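In the working numbering, each residue carries its 1-based index in the sequence shown increased by 130.
Inspection log for the structure reproduced underneath, given as structure tokens.
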Amino acid sequence: MTKDIHDTESPTRRNFIKAGMVAGVGALLSPLLVKTAQAAAEAAPAAAAATPPAGAPKLKIGDVLRVAREKLYPICRVCPECDGVACAGEVPGMGGIGSGQAFKNNYNTLNRIDLVMRTFHDVKKPDLTTTLFGQKLSMPVTSAVTGGVSYNMGNKMTEEEYVISILGGCQDAGTIGWVADGIGDQMDVFERRIAVLKQQFGGRAIVTIKPKTNEEIIKRFRMVEEAGGIAVAIDIDSAGRAARAVPGQTVEPKTPKQLAELAKSTSLPFIIKGIMTVEEAKIAVDIGAKGIAVSNHGGRVLDYTPATATVLPAIAEAVKGRAVILVDGAVRRGQDVLKYLAMGADVCLCGRPLVRGAHGGGREGVALMMNIIKDELTVAMTLTGVPSARNVPANVITREQA
Ligand SMILES: Cc1cc2nc3c(=O)[nH]c(=O)nc-3n(C[C@H](O)[C@H](O)[C@H](O)COP(=O)(O)O)c2cc1C
131 MTKDIHDTES
141 PTRRNFIKAG
151 MVAGVGALLS
161 PLLVKTAQAA
171 AEAAPAAAAA
181 TPPAGAPKLK
191 IGDVLRVARE
201 KLYPICRVCP
211 ECDGVACAGE
221 VPGMGGIGSG
231 QAFKNNYNTL
241 NRIDLVMRTF
251 HDVKKPDLTT
261 TLFGQKLSMP
271 VTSAVTGGVS
281 YNMGNKMTEE
291 EYVISILGGC
301 QDAGTIGWVA
311 DGIGDQMDVF
321 ERRIAVLKQQ
331 FGGRAIVTIK
341 PKTNEEIIKR
351 FRMVEEAGGI
361 AVAIDIDSAG
371 RAARAVPGQT
381 VEPKTPKQLA
391 ELAKSTSLPF
401 IIKGIMTVEE
411 AKIAVDIGAK
421 GIAVSNHGGR
431 VLDYTPATAT
441 VLPAIAEAVK
451 GRAVILVDGA
461 VRRGQDVLKY
471 LAMGADVCLC
481 GRPLVRGAHG
491 GGREGVALMM
501 NIIKDELTVA
511 MTLTGVPSAR
521 NVPANVITRE
531 QA
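Spelled out as structure tokens, the structure:
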């Protein structure tokens with residue numbers, strides 16, 4: 131069994147805390163320490179995006195987190211708990227927008243949901259597998275969409291290294307990843323990502339496009355179709371960020387008619403990411419979306435949005451079975467996945483932990499993160515008596531009374 135990524139007893143964790151780099155205190159580090167961390171990051175070879183040679187020693191989670199911290203600090207402090215406190219307001223960057231409350235809502239609300247332990251049953255080996263748009267997954271977890279290697283993550287990896295790390299790590303853990311379309315990216319950056327997707331992964335990923343004009347989106351859909359992509363998505367919740375779009379481009383909210391045009395324009399399953407209400411979930415399904423992603427973009431687009439764990443149950447009740455229900459927001463552990471499944475999600479997306487994995491250990495680092503979540507989910511399902519991740523009963527969770 132792999133070591134818990136949140137194990138506060140691990141030597142790395144203890145050192146981290148001792149060094150005073152706990153959430154919110156990282157910024158107080160002496161300039162000298164910061165310089166040392168930066169120098170170490172620069173001296174480190176570009177993240178090992180490639181598969182390690184056979185027989186190479188296996189990566190340890192403590193090392194992945196240490197290297198990630200060296201590379202990403204101060205953009206990401208790689209806090210013991212990735213809860214949105216230290217990085218509040220840091221967008222671009224790794225945080226939540228404004229006060230950071232929307233990010234914190236995701237984390238805190240999910241954290242306040244408890245699991246109901248049941249051990250009088252015969253579930254010894256729970257079945258974690260599921261199918262997403264025809265793809266068999268080893269567990270109901272994929273990467274989330276994380277773009278902006280340059281403006282969000284400090285340019286410590288190339289676009290190619292990052293895409294290989296995320297998609298390769300997910301593939302090695304038996305699941306799939308998503309490819310982004312950053313708001314500040316020129317077309318050539320998107321083309322580079324799609325080239326890696328096609329050449330190295332035979333298109334096996336879901337590709338998200340910003341809510342540009344429909345004409346621009348459809349142009350990119352064609353590229354994804356040509357690359358053999360699994361599905362296309364639009365992160366409609368980026369609609370308020372026109373000021374950050376590259377010159378000559380824009381992002382915009384869409385009417386149901388415009389969304390229907392997008393759904394019809396592609397042969398691939400169409401997903402709308404950024405659904406936070408029952409009303410829009412129903413419209414999304416009605417206009418032909420094959421999937422919805424319940425998401426507030428990791429709290430990065432509109433301050434004070436509720437947690438996805440708050441809105442998910444009603445949305446799932448309204449559209450379950452009519453479209454695939456994806457969800458993201460503070461998935462940090464396998465237990466978080468089980469909670470979201472009990473609230474009606476089909477598949478969960480994991481964001482910031484994989485940014486750490488990619489920077490701390492490339493493809494292997496991402497696979498390690500995913501495999502730890504898988505191990506945690508296996509234990510959580512065993513100890514709650516859930517035989518299959520495809521059918522998780524609601525009585526597995528209980529909400530703390532206020
Ligand atoms: C650095 C970073 C970049 C992101 N870029 C995108 C993006 O380009 N498109 C998108 O739809 N979502 C993007 N997201 C949001 C994620 O897809 C996801 O909704 C969110 O990160 C999930 O929360 P978590 O990071 O707490 O797991 C980004 C998130 C982060 C942290």
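Note that the Cβ used here is the ideal one computed from N, Cα and C, for glycine as well.
The model shown is predicted, which means the values in this text are computed figures rather than measured ones.
Practice problem: With F233 as the anchor, note down where its alpha helix (DSSP H) starts and where it stops. | Solution: Per DSSP, F233 belongs to the alpha helix (DSSP H) from 231 to 241.
Self-check item: Best match in L297, M317, H489 for proximity to L189 [C-alpha to C-alpha]
Solution: When only C-alpha atoms are compared, the closest one is H489.
Exercise. Check each candidate in T438, G378, I455, A472 and name the one with the smallest Cα separation from V415.
Key: Checked all of T438, G378, I455, A472; the closest Cα to V415 is I455.
Quiz item: Can you name the start and end residues of the alpha helix (DSSP H) that T537 belongs to?
Solution: The structure shown does not extend to residue 537, since the chain is modelled only from 131 through 532, so no value can be given for it.
Quiz prompt | Environment of A303 [buried if 16+ CB atoms lie within 10 Å] | solution = Its Cβ being crowded by 16 or more others within 10 Å, A303 is buried.
Practice problem: Drop a sphere of 10 angstroms on the beta-carbon of Y434, count the other beta-carbons inside from all chains shown, and report buried for 16 or more, exposed for fewer. | Solution: Label assigned to Y434: exposed.
Exercise. Identify every run of the beta strand (DSSP E) within the stretch 363 to 425, keeping only runs that are complete inside it and at least 3 residues long; order them along the chain.
Key: You should have 400 to 405, 421 to 424.
Self-check item: Span of the beta strand (DSSP E), counted from its first residue to its last, around T338
Solution: Segment 335 to 339, the beta strand (DSSP E) holding T338.
Quiz item: Where does A198 sit, in a helix, a strand or coil, going by DSSP?
Solution: Here A198 sits in helix by DSSP.
Self-check item: Option nearest V509 by Cα separation, candidates Q465, G192, L479
Solution: Minimum Cα-Cα distance from V509 among the listed residues Q465, G192, L479 corresponds to Q465.
Quiz item: Thinking C-beta only, is V457 closer than 7 angstroms to C478?
Solution: Cβ distance < 7 angstroms, so C478 and V457 count as in contact.
Practice problem: May I ask whether a heavy atom of ligand 3 can be found less than 6 angstroms away from the beta carbon of A310? | Solution: Here the bound small molecules are ligand 1; ligand 3 is not part of this structure.
Practice problem: Would you list the residues sitting across from K266 in a DSSP beta bridge? | Solution: DSSP, once it has assigned bridges, lists T261 as partnering K266.
Quiz item: How many Å lie between K286 and K340 at the Cα?
Solution: Straight-line Cα distance between these residues: approximately 23 angstroms.
Quiz prompt | Rounded separation between P523 and D257 - CA only | solution = C-alpha separation (whole angstroms): 14 angstroms.
Quiz item: In terms of DSSP beta bridges, what is A453 paired with?
Solution: Beta-bridge pairing links A453 to K450.
Quiz item: According to the neighbour-count rule (16 or more other Cβ atoms, all chains shown, within 10 Å of its Cβ), is S295 buried or exposed?
Solution: Buried, because 16 or more other Cβ atoms sit within 10 Å of the Cβ of S295.
Quiz prompt | I191 to V279 span [Cα, whole Å] | solution = Rounded to whole angstroms, I191 and V279 show a C-alpha spacing of 22 angstroms.
Quiz item: Under 7 angstroms, do K450 and G474 count as touching if we go by C-beta distance?
Solution: Yes. Within cutoff.
Quiz item: Taking contact to mean at least 3 C-beta pairs separated by less than 8 angstroms, is the stretch 331 to 338 in contact with the stretch 297 to 314?
Solution: Taking 8 angstroms as the limit for Cβ pairs, the verdict is that the stretch 297 to 314 does touch the stretch 331 to 338.
Quiz item: Which residues bound the beta strand (DSSP E) around T528?
Solution: Unbroken beta strand (DSSP E) run through T528: 527 to 529.
Quiz item: Taking the beta strand (DSSP E) that L507 falls in, what are its first and last residues?
Solution: Here L507 belongs to no beta strand (DSSP E); instead the alpha helix (DSSP H) covers 482 to 512.
Quiz item: Can you find a CB in chain B that lies within less than 7 angstroms of the CB of R196?
Solution: Of the protein chains in the structure, only one exists, and it is not chain B.
Practice problem: Rank K384, A325, R371 by C-alpha distance to the C-alpha of I347 and give the top, closest one. | Solution: It is K384.
Quiz item: Given a threshold of 16 other Cβ atoms within 10 Å of its Cβ, counted over all protein chains shown, does S368 qualify as buried or as exposed?
Solution: Under this definition S368 is a buried residue.
Quiz item: Quick one: Cα of V309 to Cα of G277, how far?
Solution: Going from the Cα of V309 to the Cα of G277 covers about 8 angstroms.
Quiz item: Is T435 near ligand 1, with its Cβ less than 6 angstroms from a heavy atom?
Solution: Not so, every heavy atom of ligand 1 lies at least 6 angstroms from the Cβ.
Exercise. Have a look at P517 and T440 and give me their C-alpha separation to the nearest angstrom.
Key: Their Cα atoms are separated by approximately 26 angstroms.
Quiz item: With C-beta atoms as the reference, is R248 less than 7 angstroms away from G515?
Solution: For R248 and G515, yes; Cβs fall inside 7 angstroms.
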